[in-house]
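Quick note on numbering: the working numbering labels position 55 of the sequence shown as 57, and the sequence is numbered without any gaps. Notes follow once the structure below has been shown.
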Amino acid sequence: SPSLQAAWYLYGEQVRGVAYVQFGIDMNGQKRRITSMKQLNNLNGGKVSLTMEEIKNVYPNTSSLLGYSVYVKASVMTSSGSDLVEAEKSGIKIVMSHYVLSIRDTPKYFKPGLPLGIVVTVSNQDGSPAPNIPVKLNFLQKPIKTHRGTIRVSVNMPDEDENQMLKVETALPGVNAENQAVQEMTLEPYLGFNGYSKNYLHISVGNKQVAVGSSLNIKLTIKTALPEHRKLVKQLTYVVMNKGKIITASRVDVCQTDTNIPLLVTTEMLPSFRLVAYYILPWQLHAEVVADSVFVDVENQCVGSQDRCSRWPSQATIECPTAVAKYSSLYRTHWPDSNNECFTLEATGYALLALIKGGHVNEAMAPFRWLNERRDNGGGYGSTQ
């Protein structure tokens, strides 16, 4: 529970006096008191706290407070009565769990009887990754205990044309079920050519981290409604796209089982790319195109480089990312990439700058990656629907 324990002067000496403390709830800027003023006479090791019982006396339904925060307001009067200092601490979040689960980069649609790639992120309440927190997934028998804050798994979906519920939750030992982090997502069966077609294509890129220079083994699985229809599929066509531009396109012969395509990840595919593939069934009156697509996030290993760009005019380069541009609403920095070319990041305001200064460059870049992913010409994570 939130508490106040002691008070000090700026030069380090402990304050002797009396503290008057008040706790309350900050509801989107509206502050509401939940306790009367509490007095703390001992500032040397004394403690005043807010208990759950006190919160329930005012708000019996504590779940209605989720998303709000607790604030603490303290007034300290010195023993001599010469000084009165007030301080306030806010932003103490009210949560049900220590951790937050998010299902991301996961298709909304699944192909019955084929694998489905699922990505789950595990983070602390401040947004930082929470590695090695055990997580249960309802399609797996055992919880996943080893990860770096991001879990990538491939599960075999039931061969049924019915909605499936994807549920992930933390499996923390000694923690009640209501305090485990939970996230759910409804998965819908993929509808084919005319709503009745049972012909599918599935693309898998594996679960490993993708970086520039790495080689991906793309696996394409063909499933037709009838086994004899499988013989009609002779070739597969695939296209790699980035920011609306075609990076590469090719056609390959299909194999008896799965078809594998080696793909070298290049800088042209940063920060992410989409792979689209399809095959054609040549029916007598019409052709049926069966397609799938997959979004691949590429790890940018050069993010956070503090080298100055020597090819950029000196007057245009302000500071490296770790510098603080105080009292400025515009922040500009330049980084060289692996080809010794320059790119520029400009940010207005202080939130992005504070993240970069604190070393959280990946968190700072997250909004830009989000915009790029949602405006990708290949659509969202739901394959071709």
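Idealized CB from N, CA, C, for every residue including glycine.
In DSSP terms, what residue i is bridged to
i, result
"residue 113", "DSSP, once it has assigned bridges, lists no residue as partnering residue 113."
"residue 237", "255"
"residue 211", "For residue 211, which the question treats as bridged, DSSP gives no partner whatsoever."
"residue 41", "22"
"residue 264", "219"
"residue 250", "242"
"residue 191", "112"
"residue 172", "137"
"residue 118", "157"
"residue 206", "221"
Where the alpha helix (DSSP H) through residue i begins and ends
i, result
"residue 57", "54-60"
Local conformation of residue i per DSSP, three classes
i, result
"residue 123", "strand"
"residue 21", "strand"
"residue 232", "helix"
"residue 65", "helix"
"residue 269", "helix"
"residue 321", "Interpretation of residue 321 is limited by its pLDDT of 40, a score under 50 that renders its predicted location unreliable; no figure is taken from the coordinates."
"residue 227", "coil"
"residue 76", "strand"
"residue 289", "strand"
"residue 183", "coil"
"residue 281", "strand"
"residue 16", "strand"
"residue 135", "coil"
"residue 297", "strand"
"residue 49", "strand"
"residue 309", "Low local confidence applies: a pLDDT of 47 at residue 309 is under 50, so the model's placement there is unreliable, and no value is given."
"residue 383", "Below a pLDDT of 50, predicted positions are generally treated as unreliable, and residue 383, at 44, falls in that range; the measurement from the model is reported next regardless. Coil at residue 383, not helix or strand."
"residue 82", "coil"
C-beta contact flag for residue i and residue j at 8 Å
i, j, result
"residue 72", "residue 112", "no"
"residue 116", "residue 239", "no"
"residue 264", "residue 219", "yes"
"residue 101", "residue 140", "no"
"residue 21", "residue 77", "yes"
"residue 236", "residue 256", "yes"
"residue 294", "residue 205", "yes"
"residue 201", "residue 226", "yes"
"residue 277", "residue 292", "no"
"residue 152", "residue 123", "yes"
"residue 42", "residue 23", "yes"
"residue 169", "residue 180", "no"
Segment limits, beta strand (DSSP E) that includes residue i
i, result
"residue 198", "Where residue 198 is concerned, there is no enclosing beta strand (DSSP E), given that its DSSP letter is neither H nor E."
"residue 129", "Unbroken run through residue 129: none, as it is neither H nor E."
"residue 157", "152-158"
"residue 93", "86-95"
"residue 104", "101-106"
"residue 162", "Run containing residue 162: none; DSSP gives neither H nor E here."
"residue 245", "Looking at the DSSP string, residue 245 is not in any beta strand (DSSP E), and its letter there is neither H nor E."
"residue 32", "32-35"
Cβ-heavy atom distance, residue i to the ligand COA, below 7 Å
i, result
"residue 158", "Of ligands this structure carries none, so the ligand COA is not represented either."
Cβ contact check for the region 209-216 and the region 122-140: 3 or more pairs under 8 Å: In short, these stretches do not touch, since the Cβ pair count stays below three.
With a cut-off of 8 Å, do at least 3 Cβ pairs link the region 60-71 to the region 94-109? yes
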